[in-house]
Amino acid sequence: MPTVPLATVRGQVHRFKGVIDRFGSFDSKQGAVMTVCVRNLRLVKTNRDVFPDHWWFRFRQEWAVLNLKPGDEVCFTAKVNRQRKGYPFPQPAPSSNNPKPLRTEFGPSHQVRDLTVLKRKRYLDPPRSTIRQLQSLLDQERTLKDQYMTLVHELDARLQDLQRKLAAEISRGNEHRTTIQQLEAQRQDLEQQIAAAICDRQPLTRDRPPAASPSQAPRPAPDSVPRLHPETTQEFPQLGGNDPQTLLATVRHLEQRLEASIPRQRSLFFISVSTVMGLALGVGLGGTLVRGGSSGR
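To convert, note that position 222 of the sequence shown is 1566 in my numbering; the numbers rise steadily by one, no gaps.
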């Protein structure tokens, strides 16, 4: 069926029907004015489409009381006359940047009557399977959130425990470092004492003549060079080296063995002296007895 231009029915009152498209507003001297757009306009009497196929109406009381929503089908009575469209307040300058300049067209009047709702848009409820799936997803999300929070608390507790252990280890390391420094100081003191003791045990050299230069010093004969006993050389091979630390350790070991052998040598000396005295006394007594016996005769 051909479209009916509203300019051909100007001045006539007709019954229209259409679908609520969207809501809007524009600024005026009195302030913001709410509007509503009706699309798919048709004549109720002939059920023919009209041109223009949509129209903006001012959202007045008769529209507000119906609690309209986009998609609702409405029916109303209005008179077709010349109407202004565009931006009347203020009027924009016509240019390529203004696709909707102020203009006049034939359309339904803003004074509508007998406004009714023919059909409400039905929003279908989702299927029960979809609801169950959504509920399952929500439960899974809640479970994952609880697990996440539990894991966060556990990691926080572990982090605090590791921080405490680290602080304890650092304090122990400081204590060990202090102990090592003390032991190092004691070792240095002992080395100094040992070196001083070795120097004190060396023979005095007051009456020794001044040492000759290496070129003037006579070379000792091969037989006059002091040599270590073969058993001593075999038992302490370190004496043949030049390492001061090794020689120092060997000297300390010899001193310990010498100090341990002194009591044994003293005991042998006293036993020898006692034996000699006992023999001497026995011989003397024997001579006296013999001499007395001869005198008695």
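Where a beta carbon is used, it is the ideal one built from N, C-alpha and C, also for glycine.
Put simply, of Val1409, Val1461, Thr1352 the residue whose alpha carbon is nearest the alpha carbon of Ile1364 is Val1461. Assignment of Gly1368 by DSSP, reduced to helix, strand and coil, places it in the strand class.
Annotation: the segment 1366-1412 contains the following complete segments of the alpha helix (DSSP H) (minimum length 4 residues), in chain order: 1405-1408. Contact check for His1398 and Cys1381: beta-carbon distance about 6 Å, within the 8 Å limit, so the pair qualifies.
Proximity of the segment 1452-1461 to the segment 1402-1414 meets the contact definition, three or more beta-carbon pairs being nearer than 8 Å. In terms of CA proximity to Tyr1467, Asp1416 leads the group Asp1416, Arg1531, Val1388, Pro1349. Annotation: the continuous beta strand (DSSP E) that includes Lys1429 extends over 1417-1429. In terms of Cα proximity to Ala1422, the closest of Glu1535, Asp1500, Phe1401 is Phe1401. Pairing Arg1426 with Phe1450 gives a Cβ-Cβ distance under 7 Å.
His1597 and Leu1499 have their C-alpha atoms roughly 59 Å apart.
For Lys1463, the uninterrupted beta strand (DSSP E) run begins and ends at 1457-1463, by DSSP.
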